[in-house]
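Number of protein chains: 2
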Amino acid sequence: MSALNTPPTRRERQRAATYDEIVAVSTALLDEGAELSLRAVAARMGMTAPALYRYVASYQELVDLVAFELDKAATAEWRAEADRLPEDDPAGRLTVAAVCFRRWALAKPRRFGLVFANPVTSSGSERRELLTLSTSGHYFTDLLWQIHEKYGIPYPALDDLDPVVRESVLDPLIPAKAEHIPAADRGLLWIYMRSWSALYGVVTLESTGHCDPRVLQSGALFRATLIDWLDPLGLAEEKPRLIALLDAELAKDRAPAGR
Amino acid sequence: MSALNTPPTRRERQRAATYDEIVAVSTALLDEGAELSLRAVAARMGMTAPALYRYVASYQELVDLVAFELDKAATAEWRAEADRLPEDDPAGRLTVAAVCFRRWALAKPRRFGLVFANPVTSSGSERRELLTLSTSGHYFTDLLWQIHEKYGIPYPALDDLDPVVRESVLDPLIPAKAEHIPAADRGLLWIYMRSWSALYGVVTLESTGHCDPRVLQSGALFRATLIDWLDPLGLAEEKPRLIALLDAELAKDRAPAGR
DNA sequence: GCGTAAACGTAAACGCTGTAAACTGAAGTG
DNA sequence: CACTTCAGTTTACAGCGTTTACGTTTACGC
């Protein structure tokens with residue numbers, strides 16, 4: 102309400118800095134393998150635990166805050182990596198971004214767990230709303246839209262969709278930058294849901310460890326899943342190039358920490 | 102070592118009963134929405150918490166025990182449901198079992214989380230070994246094998262597999278009743294991994310709530326994913342029948358608690 | 001049949017967790 | 001300057017997993 106153009110006051114800046122520190126410290130704890138706990142965060146910040154309640158209303162809210170920021174930061178990473186490819190190559194960018202997503206999930210499984218394997222069932226709609234803002238979700242939808250503009254993804258007509266699904270692509274609850282997609286083209290969101298489900302599926306399987314470690318390390322499962330989605334995304338002609346790109350990216354993960 | 106044919110002694114029976122009670126109480130707690138905690142389990146059993154340490158070495162072991170038993174019980178449910186179809190219809194049985202799996206995951210998300218969304222990274226190989234025994238994994242592999250015997254699933258030759266994957270299907274670490282599958286046919290296990298990854302993916306997405314609730318309720322995402330796998334499983338000819346079966350099963354879930 | 005040892009269970013305690021209430025001191029505002 | 005808002009502390013509570021030390025019951029070998 103008050104923050105419209107008026108520059109942030111000193112207090113506001115300080116408060117924002119504290120939020121940043123909360124996220125930074127939480128991330129550090131997570132990466133050290135320690136449990137993410139209110140008290141540990143407070144202690145490392147030189148505060149007592151109850152003081153943190155000036156910033157988050159509960160432990161769950163701390164988790165949500167950290168999850169949201171980690172998602173944002175990770176997405177920025179992937180985007181930076183994908184942006185090495187030219188702007189008019191959204192298919193290449195999606196390929197790179199997907200590999201980065203997987204790389205991130207495997208390298209920082211605790212972060213991944215916090216952001217993506219966090220049951221959202223609990224406590225009504227607060228978390229839902231936050232989920233809808235998911236940065237990574239927006240990024241992937243956006244790439245898919247660009248691919249569609251360039252290649253023309255074959256997508257179902259609204260009439261071919263299950264009525265419930267139709268309703269849900271016309272007024273999406275899941276993270277999707279969809280306002281700019283004309284209603285008639287919203288069938289695209291169905292493709293988005295389906296491909297996201299596939300990507301999320303393999304990566305979750307791999308990241309949570311329910312997978313033969315050797316297969317995981319080879320990346321074959323992930324590779325096969327991605328390749329299966331090239332045709333449905335209208336990228337048949339780009340297949341050889343994209344697969345080569347995919348393999349090049351995957352090779353990085355198998356390289357002995359190559360310098 | 103000692104338990105070979107000799108009938109269980111009184112103590113052994115009592116101990117087994119206690120284990121059963123631990124699982125029962127844990128399951129009850131879980132279904133009530135309470136946290137699964139050592140102390141709560143002990144209290145409800147009329148014991149003090151440390152007493153439980155006579156049965157499990159740690160909290161994690163309690164979780165593993167419950168997870169294993171829940172998996173076993175759930176698989177028995179699915180099998181019972183699938184066994185309504187004749188023995189010579191493994192494809193139908195797989196369809197029903199998959200729907201049951203999803204139904205279970207959505208109806209008891211906490212059980213699902215415990216069994217399938219439980220990070221296995223921690224603490225070395227103990228949990229890996231337990232995972233390899235997964236009852237549900239064996240059941241699905243078995244169905245796939247029966248489908249192969251009847252329809253002939255197109256599977257890759259060993260030589261076409263990534264060397265790492267080849268090694269891993271020849272000596273599987275993941276749950277798979279594979280001893281009876283001849284080495285030359287082990288490419289099947291690759292199909293198993295891939296299809297399991299797809300099934301696990303949608304169901305996890307749906308069960309953890311990272312999905313539009315309306316789409317979830319309609320079952321469309323799950324339906325589409327399953328249908329996509331009919332062709333790769335060599336079930337093209339059975340498609341109409343299996344889709345009808347699938348829809349009939351899914352209709353049950355949407356029915357208003359039908360009688 | 002009795003002694004012994006293993007198995008089962010309790011009580012007390014430690015350090016950790018999230019959270020609530022009351023209170024203190026400083027920063028910013030009229 | 002008076003006054004409010006904000007940030008932080010102290011204290012406290014209930015619950016967690018886990019360890020240690022101590023009893024009690026049960027089964028088994030001599």
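Chains as they are written, first to last, in the numbering used here: chain A, 102 to 360; chain B, 102 to 360. Cβ coordinates follow ideal geometry from the N, Cα and C atoms, glycine included.
Boundaries (first-last residue) of the alpha helix (DSSP H) holding residue i
{"i": "G238 of chain B", "result": "236 to 252"}
{"i": "Y293 of chain B", "result": "288 to 308"}
{"i": "R204 of chain A", "result": "191 to 208"}
{"i": "L346 of chain B", "result": "340 to 355"}
{"i": "Y160 of chain B", "result": "160 to 183"}
{"i": "P314 of chain A", "result": "314 to 319"}
{"i": "I123 of chain B", "result": "111 to 132"}
{"i": "P264 of chain B", "result": "264 to 271"}
{"i": "R145 of chain B", "result": "139 to 145"}
Contacts that residue i makes with chain B (C-beta to C-beta distance below 7 Å)
{"i": "L306 of chain A", "result": "S298, Y301, G302"}
{"i": "I169 of chain A", "result": "A small fix is needed here, since residue 169 of chain A is Phe in this sequence, not Ile. Within 7 Å Cβ-Cβ: nothing; F169 of chain A doesn't reach chain B, min ~14 Å."}
{"i": "S138 of chain A", "result": "In chain order: nothing, as chain B lies at least about 15 Å away."}
{"i": "S319 of chain A", "result": "D263, V265, V266"}
Under 7 Å by beta carbon: chain A residues contacting residue i
{"i": "R315 of chain B", "result": "V265, E268, S269"}
{"i": "M294 of chain B", "result": "V316, L322"}
Distance cut-off 7 Å: residue i Cβ against heavy atoms of the ligand ATP
{"i": "A321 of chain A", "result": "With respect to the ligand ATP, the structure shown offers nothing to examine, as it has no ligands at all."}
Inter-residue spacing [alpha-carbon to alpha-carbon] between residue i and residue j
{"i": "V167 of chain B", "j": "V124 of chain B", "result": "5 Å"}
{"i": "D361 of chain B", "j": "A175 of chain A", "result": "Summary: the structure shown does not reach residue 361 of chain B, with chain B confined to residues 102 through 360, and so no result is reported for it."}
{"i": "R315 of chain A", "j": "A206 of chain A", "result": "17 Å"}
{"i": "R287 of chain B", "j": "L245 of chain B", "result": "12 Å"}
{"i": "K173 of chain B", "j": "R114 of chain B", "result": "20 Å"}
{"i": "H249 of chain A", "j": "A352 of chain B", "result": "33 Å"}
{"i": "K251 of chain B", "j": "R194 of chain B", "result": "13 Å"}
{"i": "D261 of chain A", "j": "R267 of chain A", "result": "9 Å"}
{"i": "L300 of chain B", "j": "V216 of chain B", "result": "15 Å"}
{"i": "P257 of chain A", "j": "L322 of chain A", "result": "27 Å"}
{"i": "A104 of chain B", "j": "S159 of chain A", "result": "Any reading at A104 of chain B must be qualified, since the residue scores a pLDDT of 40, below 50, and its modelled position is unreliable; the value itself is stated next. Rounded to the nearest angstrom, the two C-alpha atoms are 51 Å apart."}
{"i": "R180 of chain B", "j": "V304 of chain B", "result": "18 Å"}
{"i": "V126 of chain B", "j": "F213 of chain A", "result": "31 Å"}
{"i": "C201 of chain B", "j": "Q161 of chain B", "result": "28 Å"}
{"i": "E350 of chain A", "j": "L343 of chain A", "result": "10 Å"}
{"i": "G253 of chain A", "j": "Y156 of chain A", "result": "46 Å"}
{"i": "E170 of chain B", "j": "P255 of chain A", "result": "45 Å"}
{"i": "V265 of chain B", "j": "M294 of chain B", "result": "14 Å"}
{"i": "E338 of chain A", "j": "D165 of chain A", "result": "41 Å"}
{"i": "L186 of chain A", "j": "V197 of chain A", "result": "9 Å"}
{"i": "A199 of chain B", "j": "T149 of chain A", "result": "49 Å"}
Exposure label - residue i; buried when at least 16 CB within 10 Å
{"i": "H311 of chain A", "result": "buried"}
{"i": "E388 of chain B", "result": "No answer is possible for residue 388 of chain B: the residues shown for chain B start at 102 and end at 360."}
{"i": "D313 of chain B", "result": "buried"}
{"i": "D121 of chain B", "result": "exposed"}
{"i": "D190 of chain A", "result": "buried"}
{"i": "I282 of chain B", "result": "buried"}
{"i": "P357 of chain B", "result": "exposed"}
{"i": "D272 of chain A", "result": "exposed"}
{"i": "I275 of chain A", "result": "buried"}
{"i": "L234 of chain B", "result": "exposed"}
{"i": "S117 of chain A", "result": "The sequence given here places Ala at residue 117 of chain A; Ser does not occur at that position. Exposed, because fewer than 16 other Cβ atoms sit within 10 Å of the Cβ of A117 of chain A."}
{"i": "I292 of chain B", "result": "buried"}
{"i": "T236 of chain A", "result": "buried"}
{"i": "A144 of chain A", "result": "exposed"}
{"i": "T309 of chain A", "result": "buried"}
{"i": "A192 of chain A", "result": "buried"}
Chain-ordered neighbours of residue i on chain A, where CB pairs are closer than 8 Å
{"i": "G214 of chain B", "result": "P220"}
{"i": "L274 of chain B", "result": "D313, P314, R315"}
Amino acids of chain A, ordered along the chain, whose beta-carbon sits closer than 9 Å to that of residue i
{"i": "T242 of chain B", "result": "Here the premise fails: no neighbours, minimum Cβ distance about 13 Å."}
{"i": "F217 of chain B", "result": "T309, H311"}
{"i": "T326 of chain B", "result": "R295, S298, A299, G302"}
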